[in-house]
Amino acid sequence: MSVEILDGATIVNFLEDEEAFNVSVRDRFAHLDSNHDGQLSYEEMLKELQGLRFDHDLNGTVDLEEFKAETRQMMLAMANGMGFLPVQMVLEEDSFLKKAVEWESAKLLASHSSCMAT
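Using this note's numbering, the first residue of the sequence shown is number 6, and each one after it goes up by one.
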(Lines of atoms letter the chains of each structure in order from A and count residues from 1; the text may use other names and numbers.)
(Lines give C-alpha, C1' and ligand atoms only; values in the text may rest on other atoms or scores of the structure.)
Protein backbone atom coordinates (compact mmCIF):
# COMPACT_ATOMS: atom_id res chain seq x y z
CA MET A 1 0.00 0.00 0.00
CA SER A 2 1.04 3.56 -0.56
CA VAL A 3 -0.34 7.02 0.15
CA GLU A 4 -1.05 8.97 -3.03
CA ILE A 5 -2.63 12.29 -3.97
CA LEU A 6 -5.18 12.19 -6.76
CA ASP A 7 -8.32 13.89 -7.99
CA GLY A 8 -11.17 13.15 -10.34
CA ALA A 9 -9.13 14.38 -13.32
CA THR A 10 -6.47 11.72 -12.62
CA ILE A 11 -9.10 9.01 -12.95
CA VAL A 12 -10.92 10.52 -15.94
CA ASN A 13 -7.67 11.08 -17.87
CA PHE A 14 -6.56 7.51 -17.13
CA LEU A 15 -9.89 6.15 -18.41
CA GLU A 16 -9.61 8.25 -21.57
CA ASP A 17 -6.21 6.70 -22.37
CA GLU A 18 -7.69 3.51 -23.86
CA GLU A 19 -4.34 1.73 -24.11
CA ALA A 20 -3.32 2.34 -20.49
CA PHE A 21 -6.78 1.49 -19.16
CA ASN A 22 -7.07 -1.66 -21.30
CA VAL A 23 -3.66 -2.93 -20.14
CA SER A 24 -4.67 -2.43 -16.50
CA VAL A 25 -8.00 -4.18 -16.99
CA ARG A 26 -6.41 -7.11 -18.84
CA ASP A 27 -3.79 -7.48 -16.08
CA ARG A 28 -6.41 -7.45 -13.32
CA PHE A 29 -8.70 -9.80 -15.26
CA ALA A 30 -5.82 -12.26 -15.81
CA HIS A 31 -4.98 -12.10 -12.10
CA LEU A 32 -8.57 -12.96 -11.15
CA ASP A 33 -8.98 -15.67 -13.84
CA SER A 34 -7.33 -18.43 -11.77
CA ASN A 35 -8.21 -21.25 -14.20
CA HIS A 36 -7.18 -19.17 -17.25
CA ASP A 37 -10.33 -19.93 -19.26
CA GLY A 38 -10.89 -16.32 -20.34
CA GLN A 39 -14.03 -16.03 -18.19
CA LEU A 40 -14.47 -15.01 -14.57
CA SER A 41 -16.74 -17.26 -12.56
CA TYR A 42 -18.48 -15.84 -9.52
CA GLU A 43 -16.07 -17.84 -7.37
CA GLU A 44 -13.12 -16.13 -9.04
CA MET A 45 -14.72 -12.70 -8.65
CA LEU A 46 -16.13 -13.07 -5.16
CA LYS A 47 -14.01 -10.25 -3.71
CA GLU A 48 -14.57 -8.01 -6.73
CA LEU A 49 -18.31 -8.48 -6.91
CA GLN A 50 -19.48 -7.55 -3.42
CA GLY A 51 -22.97 -6.80 -4.65
CA LEU A 52 -22.06 -5.30 -8.03
CA ARG A 53 -23.59 -6.51 -11.29
CA PHE A 54 -20.60 -7.35 -13.50
CA ASP A 55 -22.41 -10.14 -15.39
CA HIS A 56 -24.40 -7.93 -17.79
CA ASP A 57 -25.74 -10.76 -19.96
CA LEU A 58 -26.57 -12.93 -16.90
CA ASN A 59 -24.90 -16.04 -18.31
CA GLY A 60 -23.19 -16.91 -15.02
CA THR A 61 -19.72 -15.70 -16.02
CA VAL A 62 -18.02 -12.35 -16.55
CA ASP A 63 -16.05 -11.84 -19.74
CA LEU A 64 -13.34 -9.24 -20.30
CA GLU A 65 -15.70 -6.71 -21.93
CA GLU A 66 -18.22 -6.93 -19.06
CA PHE A 67 -15.39 -6.57 -16.54
CA LYS A 68 -13.95 -3.55 -18.40
CA ALA A 69 -17.35 -1.84 -18.73
CA GLU A 70 -18.17 -2.21 -15.04
CA THR A 71 -14.67 -1.14 -13.96
CA ARG A 72 -14.95 1.99 -16.11
CA GLN A 73 -18.36 2.84 -14.60
CA MET A 74 -17.08 2.37 -11.04
CA MET A 75 -14.03 4.55 -11.68
CA LEU A 76 -16.12 7.29 -13.30
CA ALA A 77 -18.47 7.23 -10.31
CA MET A 78 -15.48 7.60 -7.98
CA ALA A 79 -14.12 10.48 -10.09
CA ASN A 80 -17.50 12.25 -10.08
CA GLY A 81 -17.85 11.81 -6.33
CA MET A 82 -14.30 12.95 -5.69
CA GLY A 83 -14.51 16.07 -7.81
CA PHE A 84 -11.43 17.90 -8.94
CA LEU A 85 -9.91 18.86 -5.62
CA PRO A 86 -6.88 16.69 -4.79
CA VAL A 87 -7.33 14.16 -1.99
CA GLN A 88 -4.83 11.95 -0.24
CA MET A 89 -5.69 8.24 -0.23
CA VAL A 90 -4.10 4.97 0.82
CA LEU A 91 -4.04 2.76 -2.28
CA GLU A 92 -3.26 -0.91 -2.72
CA GLU A 93 -0.36 -1.54 -5.09
CA ASP A 94 -2.36 -3.36 -7.78
CA SER A 95 -5.53 -1.24 -7.59
CA PHE A 96 -6.91 0.64 -10.58
CA LEU A 97 -6.58 3.93 -8.69
CA LYS A 98 -2.88 3.21 -8.08
CA LYS A 99 -2.49 2.45 -11.81
CA ALA A 100 -4.16 5.80 -12.60
CA VAL A 101 -1.72 7.66 -10.33
CA GLU A 102 1.26 5.82 -11.86
CA TRP A 103 -0.03 6.60 -15.36
CA GLU A 104 -0.36 10.30 -14.51
CA SER A 105 3.12 10.39 -12.93
CA ALA A 106 4.65 8.78 -16.03
CA LYS A 107 2.90 11.32 -18.28
CA LEU A 108 4.15 14.23 -16.15
CA LEU A 109 7.68 12.84 -16.06
CA ALA A 110 7.71 12.34 -19.84
CA SER A 111 6.40 15.87 -20.36
CA HIS A 112 8.99 17.32 -17.99
CA SER A 113 11.79 15.32 -19.63
CA SER A 114 10.84 16.53 -23.11
CA CYS A 115 10.77 20.15 -21.86
CA MET A 116 14.22 19.75 -20.30
CA ALA A 117 15.62 18.30 -23.56
CA THR A 118 14.67 21.40 -25.55
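Every residue gets a Cβ at the ideal spot worked out from N, C-alpha and C, and that includes glycine.
Item                                                                                                                                                     : Value
Let me know the alpha helix (DSSP H) ranges lying completely inside the region 16 to 89, each 4 residues or longer, listed in chain order.               : 23 to 37, 51 to 54, 69 to 87
If we call anything under 8 Å between Cβ atoms a contact, is H61 one with A82?                                                                           : no
Note down, in chain order, each residue of its chain lying with its Cβ closer than 8 Å to the Cβ of T7, except the 5 sequence neighbours on either side. : Here residue 7 is Ser; the residue named in the question, Thr, does not match the sequence. Only V95, L96, E98, K103 meet the Cβ criterion.
Which class does M121 belong to by DSSP, given the choice of helix, strand or coil?                                                                      : helix
State the Cα-Cα distance for the pair A35 and E23, rounded to the nearest angstrom.                                                                      : 18 Å
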